[in-house]
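Residue numbers (my numbering): 4 to 161.
Given below as structure tokens:
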């Protein structure tokens, strides 16, 4: 069957939970000092609020009726001030393909969909955060021409 991409629906919540868990578990593994173990990292009410927020967009990749990937995005308007120019960005807060369907092109299709969607919104850029420890994700995003814009650094005191 062929992969399709569509907007998420309310009744997708249960099918998306394992994908949300995969992303969250990776964060917990990499930074247990920041992220708590949680079997339900995205609550149903939060998910439903995302779907009704006109600035947030959740897209799912499906094969037949099975959801195999998800990308969560948010439009952000940066107001001009004395320090920065006004800009509009599409921020990717999460992208996940189920472990059984990775390295088969679904992630590339989702990311290209987001880039094309951002173009239709006439955003200035598509942006995201990625852990320095996630080398495969960094390579994946670089394959789309993404480049490091800035780096967050920390000095941990405990």
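Glycine included, every Cβ here is placed at the ideal spot set by N, Cα and C.
Quick one: what's residue i bridged to in DSSP?
i: residue 12; result: DSSP, once it has assigned bridges, lists no residue as partnering residue 12.
i: residue 62; result: 10, 74
i: residue 141; result: None, per the DSSP bridge assignment.
i: residue 81; result: 90
Just to confirm the assignment, what range does the beta strand (DSSP E) spanning residue i have?
i: residue 94; result: 90-100
i: residue 128; result: 128-131
Give every residue of the same chain whose Cβ lies closer than 6 Å to the Cβ of residue i, excluding the five residues on either side of it in the sequence, and list them in chain order.
i: residue 26; result: 97, 99
i: residue 18; result: 70
i: residue 16; result: 47, 50
Between which residues of its own chain and residue i is the CB-CB distance below 7 Å, once the five residues before and five after are set aside?
i: residue 94; result: 76, 77, 79, 130, 131
i: residue 13; result: 51, 54
i: residue 116; result: 8, 62
i: residue 90; result: 81, 127
i: residue 40; result: 31
Are the CB atoms of residue i and residue j nearer to each other than 8 Å?
i: residue 11; j: residue 61; result: yes
i: residue 33; j: residue 153; result: no
i: residue 72; j: residue 121; result: no
i: residue 65; j: residue 123; result: no
i: residue 67; j: residue 4; result: yes
Assign residue i to one of two classes, buried (16 or more other C-beta atoms within 10 Å of its C-beta) or exposed (fewer than that).
i: residue 114; result: buried
i: residue 44; result: buried
i: residue 87; result: exposed
Starting from the C-beta of residue i, find all residues in its chain whose C-beta is less than 8 Å away, skip the five residues before and the five after it, and write them out in chain order.
i: residue 42; result: 24
i: residue 83; result: 89
i: residue 118; result: 129, 147
Which residues mark the beginning and the end of the alpha helix (DSSP H) in which residue i is found?
i: residue 47; result: 47-55
i: residue 67; result: That residue, residue 67, is in no alpha helix (DSSP H); it is neither H nor E in DSSP.
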